[in-house]
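*Asks:* Here it is, the structure, as structure tokens.
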Ligand SMILES: Cc1cc2nc3c(=O)[nH]c(=O)nc-3n(C[C@H](O)[C@H](O)[C@H](O)COP(=O)(O)OP(=O)(O)OC[C@H]3O[C@@H](n4cnc5c(N)ncnc54)[C@H](O)[C@@H]3O)c2cc1C
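As structure tokens, this is what we get:
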């Protein structure tokens with residue numbers, strides 16, 4: 001065994017072997033993998049081996065496509081047979097709602113070049129005769145689907161890595177990890193110690209335990225999962241004989257089951273509602289090549305539907321039932337990337353679909369380790385998307401919910417209930433009493449809208465029960481004044497003698513003067529956006545940075561990685577240590593005037609000014625800015641003052657008819673200004689010019705900010721994309737994001753977000769198209785729920801195009 005290695009990968013499942021292979025493929029060959037038993041001896045060996053490219057998140061789908069396309073390469077390179085069966089597959093819909101959902105998945109696939117197509121039940125039956133066509137309303141055919149041998153595939157990765165110079169130590173268990181002063185790791189195994197520059201946690205079923213070795217509680221939990229294999233079925237044998245091919249994969253969403261051919265019979269698995277976590281507290285180290293006890297009763301309700309939808313199963317004998325554990329994160333996506341606060345400790349775990357995603361995870365992680373960047377937009381699987389709210393208990397609740405809903409529809413207006421409420425602000429009960437319907441984001445309950453008594457969200461793809469009320473909230477802001485809670489934003493205090501220089505290098509904007517705010521894009525070295533903030537300078541060496549709530553840990557990881565080591569800067573994510581309220585609308589100033597003796601005139605307190613001021617008896621930070629695009633103020637306070645200020649503002653606003661509004665009205669309002677938002681319009685895929693944030697990039701400032709050279713290049717060559725706003729001729733549904741944009745009948749771009757702009761009375765879509773067509777007055781359309789909606793380019797903001805109102 002080596003005593004030193006550049007990288008130690010812990011775990012020889014499909015994920016660890018893929019990471020190892022990709023590291024060697026990109027040139028890091030001083031790498032080893034340690035496996036406590038044999039390769040595949042975690043969850044990998046008993047997997048059903050199914051894989052496909054379709055995923056609700058287009059960025060994850062891209063990596064799945066890569067994974068599937070990689071198989072031929074590793075088979076050829078390693079000489080190891082991986083038992084690849086590219087059978088193709090279909091997703092079946094038994095209800096109209098389900099079919100609507102499938103159409104939206106199909107539409108997403110269109111701008112990514114996925115070649116799926118819609119099928120009628122008859123066409124589906126012709127392709128897959130085990131289906132009872134009367135049980136379905138339609139299907140989606142996916143040509144790129146199949147299954148493989150998990151053992152062969154894992155060994156093909158491993159052999160390829162070894163061919164490139166990697167070493168693999170079997171029966172070598174990592175028992176502890178300790179970081180040395182120089183940042184390198186002591187990997188303490190039962191066979192001795194290895195000093196490694198980097199450690200990768202690919203511990204699969206034991207990833208949580210490996211995390212605990214370094215004091216981490218990773219949000220990952222194993223669930224029991226069952227599938228059955230039938231005896232030979234005459235229908236299968238007959239189909240193979242006459243068609244000359246295998247039966248294709250099927251996912252029957254309404255039956256909550258998946259199936260594929262296994263030799264001369266079939267394999268049927270289910271994500272049952274009565275699901276069961278496995279080893280919720282500690283995974284036993286002596287768990288080996290074992291299966292869990294089968295429990296057919298638990299999956300009987302799903303099997304009954306399956307047998308009805310696929311009648312041939314009624315006559316088939318069951319040869320075997322497999323029950324094995326595998327891991328999930330709270331949202332079902334992997335946990336990949338560098339762990340915040342640790343040097344060179346990497347995560348690649350919670351991969352619930354190792355054969356669809358393992359290649360992509362290995363690729364992204366190897367890129368990240370070698371080049372400092374994953375090379376893709378991997379936020380959906382970034383380990384940093386969870387903060388400290390994702391405890392063991394939270395993970396348990398969310399994973400069980402996620403597992404049991406694996407094949408359920410999630411409507412765009414549907415908020416899932418498990419693990420809630422967890423984080424609340426001091427005014428939670430007051431908002432609730434006022435009718436707030438909450439959504440949870442980054443663990444925090446946030447008002448989406450304020451429902452009249454007796455009305456609640458009806459989940460739908462189309463406009464729903466909230467439509468009129470959200471419209472009234474939005475109009476109340478435009479016509480009078482509205483109050484909303486803004487505590488869900490991330491807030492960072494950056495202080496110290498080095499704070500200004502640190503931010504000047506980190507952010508692409510010009511630094512504001514004391515008492516001023518600015519919009520502040522943050523770029524990566526390649527010039528793409530890695531954040532967008534509002535930066536407020538409260539005093540010398542005293543800054544407040546406001547950004548996206550869901551990206552708090554993600555951004556903290558980036559900030560900390562660039563923090564000077566001389567102690568000249570202190571940086572703190574304030575989380576709920578600072579909470580917020582915002583008022584907006586033409587009467588906002590009049591409301592605020594009643595709470596302070598300070599001069600709020602435009603001359604004294606203009607647009608983008610920021611100041612500490614007392615409101616009533618409470619100290620606050622007030623900024624003259626509003627994401628609604630109206631005259632407005634963001635007010636930040638310590639949580640102990642929030643109830644007082646909330647009451648005070650409502651009382652002061654009473655004479656102006658102040659109305660509470662939620663995030664849905666805010667979305668409607670910001671669309672009228674074509675304001676983008678993080679994780680939608682602003683992502684690491686886009687440059688600032690493409691995202692129309694270029695005016696906030698100060699190429700002429702002295703500081704050599706991160707991404708400056710690349711941003712300069714983008715300004716010279718114009719980048720490739722442009723963010724555009726469209727007005728749609730929508731009927732009863734509005735876009736949510738990821739719908740394809742067509743010009744003259746050809747897919748040219750994708751929607752990033754949208755909705756109904758209530759005050760303007762139009763349906764809006766925001767999205768990216770190639771820059772050379774971004775100004776074309778052509779035949780634009782957007783595909784929504786299987787319909788082509790005529791679209792018109794909206795070249796200037798619908799509301800206050802000159803910005804005069806917000807500056808008034
Ligand atoms: C019944 C069933 C059916 C499935 N069907 C499919 C399917 O059809 N398609 C699909 O894509 N996925 C499927 N899966 C999921 C798939 O198995 C997982 O996504 C995959 O196995 C995850 O691989 P991994 O490498 O992350 O974890 P694991 O396979 O659990 O590997 C982790 C490895 O790390 C080793 N290890 C852990 N801790 C240490 C330590 N301290 N020191 C040394 N070694 C250590 C373990 O021994 C183990 O070998 C299925 C799973 C089950 C249970």
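Numbering (full-length UniProt numbering), first residue to last: 1 to 808. We put the CB at the ideal spot given by N, CA and C, even for glycine.
Between residue 496 and residue 408, which are expected to be in contact by the criterion C-beta below 8 angstroms, what is the C-beta distance as a whole number of angstroms?
*Replies:* Going by Cβ atoms, the distance from residue 496 to residue 408 rounds to 49 angstroms, so no, they are not a contact pair.
*Asks:* Classify residue 466: buried if its beta carbon has 16 or more other beta carbons within 10 angstroms, exposed otherwise.
*Replies:* buried
*Asks:* Considering only C-alpha positions, which residue in the set 120, 88, 22 is nearest to residue 77?
*Replies:* 22
*Asks:* Ligand 1 heavy atoms versus the CB of residue 205: any closer than 7 angstroms?
*Replies:* yes
*Asks:* Could you round the C-beta distance between residue 546 and residue 489 to whole angstroms and report it? I think they count as a contact, below 8 angstroms.
*Replies:* 5 angstroms
*Asks:* Hey, is the stretch 187 to 206 in contact with the stretch 230 to 243, meaning 3+ C-beta pairs nearer than 8 angstroms?
*Replies:* The answer is no - the stretch 230 to 243 does not touch the stretch 187 to 206, with fewer than three Cβ pairs under 8 angstroms.
*Asks:* Cα separation between residue 83 and residue 728?
*Replies:* 48 angstroms
*Asks:* Three-state secondary structure (DSSP) at residue 679?
*Replies:* coil
*Asks:* Quickly, what does DSSP pair residue 724 with across the bridge? List them, please.
*Replies:* 767
*Asks:* Spell out the partners DSSP gives residue 483 in its beta bridges.
*Replies:* 583, 660
*Asks:* Within the continuous alpha helix (DSSP H) that includes residue 781, where are the two ends?
*Replies:* Per DSSP, residue 781 belongs to no alpha helix (DSSP H); it is in the beta strand (DSSP E), 780 to 784.
*Asks:* What residue range does the alpha helix (DSSP H) around residue 227 cover?
*Replies:* Element bounds for residue 227: not the alpha helix (DSSP H) but the beta strand (DSSP E), 221 to 230.
*Asks:* Examine ligand 1 and report whether any of its heavy atoms sits within less than 7 angstroms of the Cβ of residue 108.
*Replies:* Outside the cutoff, so no.
*Asks:* Please work out which residues of its chain come closer than 6 angstroms, Cβ to Cβ, to residue 391, disregarding the five sequence neighbours upstream and downstream, and give them in chain order.
*Replies:* none
*Asks:* Assuming residue 382 contacts residue 336 (C-beta within less than 8 angstroms), just tell me the rounded distance between them.
*Replies:* Residue 382 to residue 336, Cβ: 6 angstroms. Contact.
*Asks:* DSSP on residue 812, reduced to helix/strand/coil?
*Replies:* Here the chain comprises residues numbered 1 to 808, so residue 812 is not present and cannot be evaluated.
*Asks:* Between the alpha carbons of residue 362 and residue 15, how many angstroms are there, rounded?
*Replies:* So the two alpha carbons sit approximately 7 angstroms from each other.
*Asks:* With burial defined as no fewer than 16 other Cβ atoms inside 10 Å of the residue's Cβ, what is the status of residue 28: buried or exposed?
*Replies:* Under this definition residue 28 is a buried residue.
*Asks:* On the DSSP bridge assignment, give the partners of residue 633 in chain order.
*Replies:* 583
*Asks:* CA-CA distance, residue 32 and residue 166?
*Replies:* 6 angstroms
*Asks:* Is any heavy atom in ligand 1 found nearer than 7 angstroms to the beta carbon of residue 325?
*Replies:* yes
*Asks:* Is residue 759 near residue 669, with beta carbons less than 8 angstroms apart?
*Replies:* yes
*Asks:* Going by DSSP, what residues sit across from residue 328 in a beta bridge?
*Replies:* 221
*Asks:* How is the alpha helix (DSSP H) around residue 152 delimited, first residue to last?
*Replies:* 150 to 163
*Asks:* Please state if the CB of residue 629 and the CB of residue 682 are separated by a distance shorter than 8 angstroms.
*Replies:* no
*Asks:* Would you decide whether residue 617 is buried or exposed? Buried here means 16 or more other CB atoms lie within 10 Å of its CB.
*Replies:* Per the 10 Å Cβ criterion, exposed.
*Asks:* I believe residue 324 touches residue 43 by the beta-carbon criterion, under 8 angstroms. Please report the beta-carbon distance rounded to the nearest angstrom.
*Replies:* Right, their Cβ atoms sit about 6 angstroms apart.
*Asks:* Between which two residues does the beta strand (DSSP E) carrying residue 520 extend?
*Replies:* 517 to 523
*Asks:* For residue 58, which residues from the same chain have a beta carbon less than 7 angstroms from its beta carbon, with the 5 sequence-adjacent residues on both sides left out?
*Replies:* 108, 112, 738
*Asks:* Report yes if the C-beta of residue 44 is less than 7 angstroms from at least one heavy atom of ligand 1; otherwise report no.
*Replies:* yes
*Asks:* Looking at C-alpha atoms only, which residue of 597, 263, 449, 208 is the closest neighbour of residue 433?
*Replies:* 449
*Asks:* For residue 507, collect the residues of the same chain with a Cβ closer than 6 angstroms to its Cβ; drop the 5 residues on either side in sequence, then sort them by chain order.
*Replies:* The beta carbon of residue 507 is closer than 6 angstroms to those of 520, 522 in its chain, skipping five residues each way along the sequence.
*Asks:* Quick check on residue 192: buried or exposed, where buried means 16 or more other Cβ atoms within 10 Å of its Cβ?
*Replies:* Exposed, since its Cβ has fewer than 16 Cβ neighbours within 10 Å.
*Asks:* If the criterion is Cβ atoms closer than 8 angstroms, does the pair residue 190 and residue 25 meet it?
*Replies:* no
*Asks:* Would you report the Cα separation of residue 803 and residue 693, rounded to the nearest angstrom?
*Replies:* 16 angstroms
*Asks:* Taking residue 593 as the reference, give the member of 614, 573, 459, 476 with the closest Cα.
*Replies:* The shortest Cα separation from residue 593 among 614, 573, 459, 476 belongs to 614.
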